[in-house]
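At position 161 of the sequence shown the residue is numbered 385 (the working numbering), and the sequence of numbers has no breaks.
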Amino acid sequence: MAVYFLTELDNSLAGRLYVKIGRSKSLKRRIADLQTGNRRTIALMGEIRTSSMVEDKEIETDLHDRFREKSDAREWFFLSIEDVITGLKRYSARAYITVGKNAFEIVSYDRDAVPEYASPWLWGDVDIYEFCPNCGWACGWTYSENFGGDLCLECGASENDYDAANPA
């Protein structure tokens, strides 16, 4: 079960985010149902995983209320990227962005030679400390003294995953 943020790619990539906030027991099936008959490609931006239909309804209602002034029709809203991130971060322990390709692509190094990764998210830059580039978890990477570096507490991804995938 999940509360989701979906968008139509044709509009979203042009800077206009037309976003559906909904809930479903089977997210893949729901996306397929919405895609049928829609000439625009539907894409999942993120989801909040829940444990019951009651919890789904509470979270969906909270998000609809939060973005009421940006509502278009029923469950469709005109949202900014920041709105979607804020909605996901509100439930960060259970929220995930949709991770794309090249999540561990290094785009630069900071002055301490720490790698800076490409954003795993299609709609803009997100930091590894906000969202894990591997699994999309909204608690991001955390420094672990036992590990000796940053890692995701959800999936265990770390800088070592990049090093293993791209040997020198």
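Where a beta carbon is used, it is the ideal one built from N, C-alpha and C, also for glycine.
In the DSSP assignment, residue 381 falls outside any beta strand (DSSP E) and carries neither an H nor an E. With contacts defined as CB atoms closer than 8 angstroms, residue 226 and residue 273 qualify as a contacting pair. Here the alpha carbon of residue 304 sits roughly 6 angstroms from the alpha carbon of residue 241. Look at residue 351 here: in three-state DSSP terms it is coil, with no helix or strand label. Residue pairing of residue 315 in beta bridges, as defined by DSSP: absent, with no partner found.
If you compare the alpha carbons of 263, 376, 333 and 378 with that of residue 234, the shortest gap goes to 263. For residue 269, the closest of 367, 372, 362 and 286 by C-alpha to C-alpha distance is 362.
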